[in-house]
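Those protein sequence lines, which keep their order, are chains A and B.
Going left to right, the first sequence walks through residues 1 to 225 as the numbering used here numbers them.
Going left to right, the second sequence walks through residues 1001 to 1225 as the numbering used here numbers them.
C-beta: ideal position from N, C-alpha, C; glycine also.
Protein chains: 2
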Amino acid sequence: MMRPDLLAPRPIDRKPLRESLADALRQMIVEGALGPGEKINERALCLQFGVSRTPFREAINLLATEGLVAVTPHRGAAVTPITLDELEEVFPVMGVLEALTGELAATRATDAEIAEIRVLHEEMMRCYRARDRAAYFQLNEEIHDALHRAARNETLARTALSLGLRLRRARYQANLTEARWAAAVAEHEAFTEALEARDAPLLARLLREHLEHKLAAVRAAMALS
Amino acid sequence: MMRPDLLAPRPIDRKPLRESLADALRQMIVEGALGPGEKINERALCLQFGVSRTPFREAINLLATEGLVAVTPHRGAAVTPITLDELEEVFPVMGVLEALTGELAATRATDAEIAEIRVLHEEMMRCYRARDRAAYFQLNEEIHDALHRAARNETLARTALSLGLRLRRARYQANLTEARWAAAVAEHEAFTEALEARDAPLLARLLREHLEHKLAAVRAAMALS
DNA sequence: GCGACGCGATTTGCATACAAAATACACCTG
DNA sequence: CAGGTGTATTTTGTATGCAAATCGCGTCGC
Chain A
1 MMRPDLLAPR PIDRKPLRES LADALRQMIV EGALGPGEKI NERALCLQFG VSRTPFREAI
61 NLLATEGLVA VTPHRGAAVT PITLDELEEV FPVMGVLEAL TGELAATRAT DAEIAEIRVL
121 HEEMMRCYRA RDRAAYFQLN EEIHDALHRA ARNETLARTA LSLGLRLRRA RYQANLTEAR
181 WAAAVAEHEA FTEALEARDA PLLARLLREH LEHKLAAVRA AMALS
Chain B
1001 MMRPDLLAPR PIDRKPLRES LADALRQMIV EGALGPGEKI NERALCLQFG VSRTPFREAI
1061 NLLATEGLVA VTPHRGAAVT PITLDELEEV FPVMGVLEAL TGELAATRAT DAEIAEIRVL
1121 HEEMMRCYRA RDRAAYFQLN EEIHDALHRA ARNETLARTA LSLGLRLRRA RYQANLTEAR
1181 WAAAVAEHEA FTEALEARDA PLLARLLREH LEHKLAAVRA AMALS
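In structure tokens form, the structure reads like this:
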């Protein structure tokens, strides 16, 4: 007997090498394994990954469009440094995208989706109380993904995801103070409630403000470094 | 004597081939030389451009991140079709970005920049009265560029530019009715004035509404096709 | 001793070559 | 004759090779 649940004949993942490489490099950059400003040595990394230069270069170009690396003609690629100026640029853009996400999500989310976000939120709260930073961030991202799914706008999701990478990178550097963390949690609770109430303008405003506060925190953290 | 105006020792253009190719392909796609849905034949186009496949593929990947082409593993690239669904996705995102652009521009533009935009606007009006569509569109784009420069946010400009390509492509298809054109011109006049008054919220609202009207027009045009 | 120049080593950009996958089509089987 | 299967051809993905540009460093001139 067929068991449709298990072993569903879903097309198996045959990701091109360039994408796997891009994923690996992205992670290295976001998590700081490749520090800001660091030059990217094609040959060395190709050897390390055991691939040839062609797909590697394709991956680098991908990251360049995401703004994670800067390529200079005939001078190679380097991880873009995280500057306050850059963050001041990215945050407002991200802010309006998040606001739109909230607006759309509040309008379009199914009840099931809202419930799922509430569950994720509660779990994140648990992680906060346990002071489990890694799990907290993980759930934070899952909630944002869930919001984007609920907003039903692929373009919006992809654009926001790309910009989000540049912010996440900063977060790995400037780490959360206890006070900021508490505030962030409160803000999350507030917009989860706004979503449940399907209050689109409120959710939009809260998300935008949430991001503004994040920027303020990062700004403070960078100022004293 | 030096003449700093002429022959300024600006670093001469050494654009990588991949970028020139991307530009060429972009134009072909936006202007419809490569129709929506059309499959992209690597070999044929490489021969036509007289380049090898490596830089060509890099260009294709670039366009893929811009959403102009879709690449399927082992099955090549194809120009993304323009669907109403896609436009309904892109427009709201573009809308909030334009609104933000307006907000920032109203706050940050120098008087000279505002004056420049006024000049461009007047010229565009002239083109409208002369019913010179091509020049009108050209100036329209220049005004948007000027706004982005005035907003002083490179990230915002680049994001908006990339999304804008997908909309411009639609414009080449669904062409402007006389009524819509008149309305668009009126809207342009309104937000030029808002900029001159440095009324940020108003400018933001006008730009967003302008885009909404554009979408409505495109929607109507596509519905009857 | 300090700076400019030049040459070699390295690195990047593009082209080509090879391997793997997909498509097209003829052939075989029922 | 219809359907499926196997093979040839085309197309894509990856690797390698070659030319041009850049960088590092030693040497020469002042």
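Cross-chain neighbours of residue i in chain A, by beta carbon under 8 Å
i, result
"residue 1099 of chain B", "96"
"residue 1054 of chain B", "54"
"residue 1036 of chain B", "What residue 1036 of chain B touches in chain A: nothing, since even the nearest Cβ is about 16 Å away."
Residues bridged to residue i (per DSSP)
i, result
"residue 50 of chain A", "Residue 50 of chain A pairs with nothing; no bridge assigned."
"residue 1076 of chain B", "B:1072"
"residue 1039 of chain B", "B:1078"
Listed by chain order, chain B residues near residue i by CB distance under 8 Å
i, result
"residue 58 of chain A", "1057, 1058 and 1061"
"residue 156 of chain A", "1089, 1092 and 1093"
"residue 159 of chain A", "1093, 1159 and 1163"
"residue 201 of chain A", "What residue 201 of chain A touches in chain B: nothing, since even the nearest Cβ is about 14 Å away."
"residue 153 of chain A", "1089, 1092 and 1093"
Partners in chain B for residue i, counting only beta-carbon separations shorter than 7 Å
i, result
"residue 51 of chain A", "Simply none; closest approach about 15 Å."
"residue 65 of chain A", "1062 and 1065"
8 Å CB neighbourhood of residue i in its chain, flanking five on each side removed
i, result
"residue 64 of chain A", "70, 71 and 77"
"residue 120 of chain A", "139, 142, 143 and 146"
"residue 1015 of chain B", "none"
"residue 196 of chain A", "114 and 118"
"residue 1057 of chain B", "1042"
"residue 49 of chain A", "21, 24 and 56"
"residue 27 of chain A", "33"
"residue 1217 of chain B", "1174, 1176, 1177 and 1180"
"residue 156 of chain A", "97, 100, 101, 104 and 148"
"residue 152 of chain A", "104 and 108"
"residue 193 of chain A", "none"
"residue 171 of chain A", "137 and 218"
Sequence-distant residues of its chain with Cβ nearer than 7 Å to residue i (five each side left out)
i, result
"residue 1025 of chain B", "1059 and 1063"
"residue 1003 of chain B", "At residue 1003 of chain B, the pLDDT of 47 sits below 50, so the modelled position is not reliable; the number obtained from the coordinates is stated separately. Cβ neighbours of residue 1003 of chain B beyond the five flanking positions: none."
"residue 1221 of chain B", "1174"
"residue 1022 of chain B", "1059, 1062 and 1063"
"residue 1162 of chain B", "1066"
"residue 1122 of chain B", "none"
"residue 1169 of chain B", "1029, 1030 and 1082"
"residue 1093 of chain B", "1163"
"residue 52 of chain A", "46"
"residue 135 of chain A", "127"
"residue 150 of chain A", "105, 108, 109 and 113"
"residue 1219 of chain B", "1084"
"residue 125 of chain A", "185"
Contact set between residue i and chain A, taken where Cβ atoms lie within less than 9 Å
i, result
"residue 1081 of chain B", "Chain A residues near residue 1081 of chain B: none, gap ~15 Å exceeds 9 Å."
"residue 1014 of chain B", "73 and 74"
Residues that residue i contacts on chain A, provided the C-beta gap is smaller than 7 Å
i, result
"residue 1108 of chain B", "Chain A residues near residue 1108 of chain B: none, gap ~12 Å exceeds 7 Å."
Residues near residue i in its chain [Cβ-Cβ closer than 6 Å; skip 5 each side]
i, result
"residue 160 of chain A", "97"
"residue 1198 of chain B", "1106"
"residue 1130 of chain B", "none"
"residue 18 of chain A", "55, 58 and 59"
"residue 223 of chain A", "none"
Which full runs of the alpha helix (DSSP H) of 4+ residues lie inside the region 1129-1184 of chain B, going along the chain?
1133-1151 and 1154-1173
Next on the checklist: Across the region 1075-1089 of chain B and the region 1029-1039 of chain B, are there enough close Cβ pairs to call them in contact, namely three or more that are closer than 8 Å?
Outcome noted: yes
At least three beta-carbon pairs within less than 8 Å, the region 203-223 of chain A to the region 170-184 of chain A: yes
Notebook entry, point to check: Below 8 Å, can you find three or more Cβ-Cβ pairs linking the region 200-209 of chain A to the region 98-109 of chain A?
Noted result: yes
When you compare the region 82-94 of chain A with the region 103-112 of chain A, are there three or more beta-carbon pairs, one atom per stretch, that lie closer than 8 Å? no
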